[in-house]
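Chains as they are written, first to last, in my numbering: chain A, 15 to 365; chain B, 15 to 365. The beta carbon of each residue, even a glycine, is placed where N, CA and C say it ideally should be. Remember, predicted model here, so these are calculated numbers, not experimental data. What follows is a set of notes on a single structure, which appears directly below.
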């Protein structure tokens with residue numbers, strides 16, 4: 015067996031807390047037997063569930079706290095009052111070198127605020143981003159930022175292009191993922207000044223990805239590029255819009271199959287095929303919002319997910335550590351900054 | 015028969031030009047026999063098609079021009095060089111009082127630039143918006159702005175809330191449509207400063223709609239509010255993302271039905287029900303991007319639509335004229351501005 019990877023789990027996070035985090039960790043352990051878990055949370059609630067998973071129990075350590083961050087807590091309050099919480103202690107374990115990474119299904123805003131404060135950004139990274147993976151026509155797309163930064167100047171967008179490209183390399187195995195900047199049209203003259211400045215730089219530098227150009231909203235699900243970069247306001251809204259439309263499509267189909275006896279029989283016959291299709295877009299498989307750019311790996315699992323989704327988030331964290339994601343980012347960033355062309359007058363104006 | 019409504023048609027606009035605009039106008043005439051059409055474009059191409067629709071021929075006048083604006087023309091170039099084009103002449107006919115409104119399936123950017131220059135905004139309207147109607151879980155939602163303004167200050171957003179509410183009243187018949195401001199979360203503290211300022215004003219004024227609060231991307235297809243207001247950058251991307259995801263869902267379903275003989279039989283049995291569902295979300299029924307806030311009604315039909323979609327755009331224009339949309343907007347705006355509370359220090363700071 016190779017060296018152990020230690021993953022800190024905020025056991026209390028998410029809508030179902032220990033009921034999904036513990037079984038989820040057990041599932042991930044089945045895939046990767048070299049994980050050691052630090053489980054932070056209420057021992058009295060963790061132990062009964064943990065006892066059902068002897069392998070996990072033997073590969074983990076429980077660190078008790080009866081404090082936790084609720085889903086409705088404001089980030090600023092969580093920062094001030096959440097010092098002893100399971101979320102905060104789990105993050106601390108990464109900054110203290112006791113864990114390689116942290117996974118939480120808790121309050122996104124609180125997690126980002128705490129992770130930013132405790133772990134800090136990687137050297138020369140201006141802002142962390144939240145990235146996620148979505149299904150497309152023929153594969154998957156990495157999209158960022160999904161809400162960590164409401165607005166982004168061109169330098170931040172360029173850094174996000176780099177972060178997204180390295181992340182895409184890890185999750186897709188592609189050598190040179192294509193990167194698009196999200197805009198209202200594909201012509202050079204379109205969009206905000208910061209987008210056009212970022213595009214001008216990305217066109218001439220060498221970095222982990224291949225810069226494709228501007229992409230539009232409809233290009234994301236069609237998989238035009240491997241990575242799509244945008245500000246956190248637009249990214250958050252576009253992602254949630256996509257989730258809403260996908261949900262609505264599912265509702266329409268269900269209604270259609272219920273609308274007549276013939277349709278019901280048709281639905282029964284097609285059920286296995288439709289189930290397979292549904293598995294392809296199963297949100298649990300795309301679960302794991304990555305916080306990119308932090309000096310420590312932090313993965314956010316959907317709050318409403320089940321153990322399969324949480325296990326997937328744990329495995330994303332595993333892959334990032336296993337692939338030395340942050341070392342790759344640091345090397346790529348140094349490479350980018352060594353290219354004189356990167357710092358131009360329009361960049362300086364931005365700041 | 016009531017008084018005639020005169021509608022100017024840019025016959026050359028759209029991917030298929032006269033092949034959809036003339037049959038589309040004929041279809042609309044079947045619904046509303048009191049329309050008189052002014053048809054602008056190449057007479058040699060219009061006449062042969064027009065001759066197939068005797069009713070339309072008798073209810074229309076052809077104004078010849080051999081100039082037209084291509085889909086790839088930049089708005090600035092269209093403004094400078096498009097003086098004699100079918101699009102421009104059709105818009106002119108509205109400003110000259112010869113037509114009540116104009117409908118074009120041509121280049122959106124050029125149409126907006128020309129309409130803005132020729133028709134101007136309604137008194138006290140700061141910016142025009144592009145609005146569209148989308149299917150939701152149980153009905154339809156009006157969304158604006160979809161690309162006319164990349165960024166919007168709070169006063170512009172407030173005006174868009176009013177424009178959207180009046181538009182929703184006309185298309186849905188609701189007395190007091192609910193209005194949401196698109197944001198990354200529903201709490202008061204979320205989002206850009208201009209959003210929070212707009213929300214603070216909308217909460218205390220009386221206007222055509224009922225202000226609901228902030229809405230998120232996923233709330234749009236779920237139909238949480240009748241109207242969703244956002245800036246043109248976010249709106250454009252969210253709309254196109256929705257179109258892309260809807261298209262992708264359709265592809266997945268088709269693939270599922272092709273994946274096994276049993277699924278194919280199931281698909282055949284369910285076909286009528288699925289067709290009915292598809293009709294419910296038929297983009298042609300939601301065709302007609304409205305330019306709201308201009309001193310003259312201008313409707314943009316999708317460039318790639320067919321005659322049914324174009325006819326629908328014509329009928330949207332008809333409804334707006336028939337309901338005296340712009341008079342309603344002017345009255346509502348006066349009412350809004352008469353409320354002292356509307357002008358507050360935070361509004362003045364914005365400008």
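* Of the residues A:237, A:347, A:293, A:26, the one placed nearest residue 98 of chain A, counting alpha carbons only -> Stepping through the first chain from its first residue, residue 98 of chain A is reached at position 84. Ranking A:237, A:347, A:293, A:26 by Cα distance to residue 98 of chain A puts A:26 first.
* Reduced DSSP secondary structure (H/G/I, E/B, other) of residue 217 of chain A -> What you label residue 217 of chain A is simply residue 203 of the first chain in a count that begins at 1. Residue 217 of chain A: helix per DSSP, three-state reduction.
* **Contact list for residue 146 of chain A against chain B, beta-carbon separation under 9 Å** => What you label residue 146 of chain A is simply residue 132 of the first chain in a count that begins at 1. In chain order: nothing, as chain B lies at least about 13 Å away.
* residue 352 of chain A (DSSP reduced to helix, strand or coil) -> As a working note, residue 352 of chain A is residue 338 in the first chain. Helix.
* Mind listing the chain B neighbours of residue 248 of chain A? Cutoff is C-beta to C-beta under 9 Å, in chain order. => Indexing the first chain from 1 puts residue 248 of chain A at position 234. Chain B residues near residue 248 of chain A: 247, 248, 251, 252.
* Asked: Under a three-way DSSP split, which group does residue 225 of chain A fall into?
  -> Here residue 225 of chain A refers to the residue found at position 211 when the first chain is read from its first residue. Residue 225 of chain A: strand per DSSP, three-state reduction.
* Asked: Under 9 Å Cβ-Cβ, which residues of chain B neighbour residue 108 of chain A?
  -> Position 94 of the first chain, counted from the first residue, corresponds to residue 108 of chain A. Those do not exist, as residue 108 of chain A stays about 26 Å from chain B at its closest Cβ, beyond 9 Å.
* Asked: Where do the N-terminal and C-terminal ends of the alpha helix (DSSP H) with residue 150 of chain A fall, by residue?
  -> The residue you call residue 150 of chain A lines up with position 136 of the first chain. Run containing residue 150 of chain A: none; DSSP gives neither H nor E here.
* Hey, residue 55 of chain A and residue 90 of chain A: beta-carbon distance below 8 Å or not? -> For this step, residue 55 of chain A is matched to residue 41 along the first chain. For this step, residue 90 of chain A is matched to residue 76 along the first chain. No, these two residues do not count as a Cβ contact at 8 Å.
* **Where residue 333 of chain B sits in the DSSP three-state scheme** => Taking the second chain and counting its residues from 1, one reaches residue 333 of chain B at position 319. Residue 333 of chain B falls in the helix class under three-state DSSP.
* Asked: What do you reckon, are the CB atoms on residue 159 of chain A and residue 174 of chain A nearer than 8 Å?
  -> Numbered from its first residue, the first chain carries residue 159 of chain A at position 145. Numbered from its first residue, the first chain carries residue 174 of chain A at position 160. Yes, the Cβ-Cβ distance between residue 159 of chain A and residue 174 of chain A is below 8 Å.
* Just mark residue 131 of chain B as buried or exposed, buried being the case when its beta carbon has 16 or more other beta carbons within 10 Å. => For the purposes of this step, residue 131 of chain B is taken as residue 117 along the second chain, with counting starting at 1. Exposed.
* Ends of the alpha helix (DSSP H) at residue 21 of chain A? -> Within the first chain, numbered from 1, the residue matching residue 21 of chain A stands at position 7. Note, residue 21 of chain A: premise wrong, no alpha helix (DSSP H); beta strand (DSSP E) at 19-24.
* Classify residue 316 of chain A as helix, strand or coil using the three-state DSSP reduction. => Taking the first residue of the first chain as position 1, residue 316 of chain A is located at position 302. Here residue 316 of chain A sits in coil by DSSP.
* Starting from the beta carbon of residue 290 of chain A, find every residue of chain B whose beta carbon is closer than 8 Å, and list them in chain order. => Counting from one through the first chain, the residue named residue 290 of chain A turns up at place 276. Contact note: residue 290 of chain A reaches chain B through 270, 273, using a C-beta cutoff of 8 Å and chain order.
* Asked: Which chain A residues are close to residue 232 of chain B, counting only those with a beta carbon under 8 Å from its beta carbon?
  -> Sequence index remark: in the second chain, residue 232 of chain B carries index 218 (1-based). Within 8 Å Cβ-Cβ: 254, 255, 257, 258, 261.
* **Contact set for residue 64 of chain A: own chain, Cβ-Cβ below 8 Å, skip 5 residues either direction** => Numbered from its first residue, the first chain carries residue 64 of chain A at position 50. Cβ-Cβ distances below 8 Å link residue 64 of chain A to 36, 53, 70, 71, 74, 76 in the same chain, with the five nearest sequence neighbours on each side left out; the list follows chain order.
* Taking all protein chains shown into account, do 16 or more other C-beta atoms lie within 10 angstroms of the C-beta of residue 62 of chain A, making it buried, or fewer, making it exposed? -> Position 48 of the first chain, counted from the first residue, corresponds to residue 62 of chain A. That one is exposed.
* To do: Kindly list, in the order they appear in chain A, the residues whose Cβ is closer than 8 Å to that of residue 283 of chain B.
  => Working through the second chain from its first residue, we reach residue 283 of chain B at position 269. By Cβ distance, chain A contributes 276, 277, 279, 280, 283.
* Residue closest to residue 172 of chain B, alpha-carbon to alpha-carbon, out of B:125, B:224, B:123 -> Counting from 1 along the second chain, the entry for residue 172 of chain B is found at position 158. Of the listed residues, the one whose Cα sits closest to residue 172 of chain B is B:224.
* To do: Quick one: grab the DSSP three-state call for residue 10 of chain A.
  => The displayed coordinates of chain A run from 15 to 365. Any statement about residue 10 of chain A would go beyond what the structure contains.
* Throw me the rounded Cβ distance for the residue 93 of chain A and residue 109 of chain A pair, which I believe falls under 8 Å. => Here the question's residue 93 of chain A lines up with position 79 in the first chain. Here the question's residue 109 of chain A lines up with position 95 in the first chain. Residue 93 of chain A to residue 109 of chain A, Cβ: 15 Å. No contact.
* What separation, rounded to the nearest whole angstrom, lies between the Cα atoms of residue 147 of chain B and residue 154 of chain B? -> Mapped onto the second chain, residue 147 of chain B falls at position 133. Mapped onto the second chain, residue 154 of chain B falls at position 140. Near 6 Å, if we compare the C-alpha coordinates of residue 154 of chain B and residue 147 of chain B.
* Is the CB of residue 236 of chain B under 8 Å away from at least one CB in chain C? -> Chain labels in this structure do not include chain C; the protein chains are A and B.
* Look at residue 283 of chain A and residue 162 of chain B and say whether their C-beta atoms are less than 8 Å apart. => In the first chain, counting from the first residue as 1, residue 283 of chain A sits at position 269. In the second chain, counting from the first residue as 1, residue 162 of chain B sits at position 148. Taking 8 Å as the Cβ cut-off, residue 283 of chain A and residue 162 of chain B do not qualify as a contacting pair.
* Asked: How about the stretch 194-207 of chain A and the stretch 317-329 of chain A: do they share at least three Cβ pairs that are nearer than 8 Å?
  -> With fewer than three CB-CB distances shorter than 8 Å, the stretch 194-207 of chain A does not count as touching the stretch 317-329 of chain A.
* residue 51 of chain B: first and last residue of the uninterrupted beta strand (DSSP E) it sits in -> If you number the second chain from 1, residue 51 of chain B lands on position 37. Residues 49-55.
* Asked: If you measure beta-carbon to beta-carbon, which residues of the stretch 205-230 of chain A are closer than 8 Å to chain B?
  -> 205, 206, 230
* Asked: Where does the unbroken beta strand (DSSP E) through residue 193 of chain A begin, and where does it stop?
  -> Indexing the first chain from 1 puts residue 193 of chain A at position 179. Segment 192-196, the beta strand (DSSP E) holding residue 193 of chain A.
* Would residue 364 of chain A count as contacting chain B if we go by Cβ distances under 8 Å? -> For the purposes of this step, residue 364 of chain A is taken as residue 350 along the first chain, with counting starting at 1. Residue placement at residue 364 of chain A is poorly supported in this model, since its pLDDT is 38, which falls under 50; the coordinates are not used for a value here.
* To do: Please check the pair residue 186 of chain A and residue 240 of chain A, which I expect to be a contact at CB under 8 Å, by giving their CB distance rounded to whole angstroms.
  => What you label residue 186 of chain A is simply residue 172 of the first chain in a count that begins at 1. What you label residue 240 of chain A is simply residue 226 of the first chain in a count that begins at 1. That belief holds up - the Cβ atoms of residue 186 of chain A and residue 240 of chain A are roughly 6 Å apart, short of 8 Å.
* Verify whether the separation of the beta carbon atoms of residue 309 of chain B and residue 136 of chain B is less than 8 Å. => As a working mapping, residue 309 of chain B is identified with position 295 in the second chain. As a working mapping, residue 136 of chain B is identified with position 122 in the second chain. In this structure, residue 136 of chain B lies closer than 8 Å to residue 309 of chain B by Cβ.
* To do: Report all residues from its chain with a CB closer than 6 Å to the CB of residue 208 of chain A; omit the five preceding and five following residues, and keep chain order.
  => One-based indexing of the first chain puts residue 208 of chain A at position 194. Taken in chain order, the residues that qualify are 167, 168.
* Taking the CB atoms as reference points, tell me whether residue 318 of chain A and residue 141 of chain A lie closer together than 8 Å. => Position 304 of the first chain, counted from the first residue, corresponds to residue 318 of chain A. Position 127 of the first chain, counted from the first residue, corresponds to residue 141 of chain A. Contact flag unset, no.
* To do: Apply the 10 Å Cβ neighbour rule to residue 32 of chain B and answer buried if 16 or more other Cβ atoms are within range, or exposed otherwise.
  => Taking the second chain and counting its residues from 1, one reaches residue 32 of chain B at position 18. Classification of residue 32 of chain B: buried, given that the 10 Å Cβ count is 16 or more.
* **Cβ of residue 343 of chain A within 8 Å of any chain B Cβ** => Position 329 of the first chain, counted from the first residue, corresponds to residue 343 of chain A. Not an interface residue.
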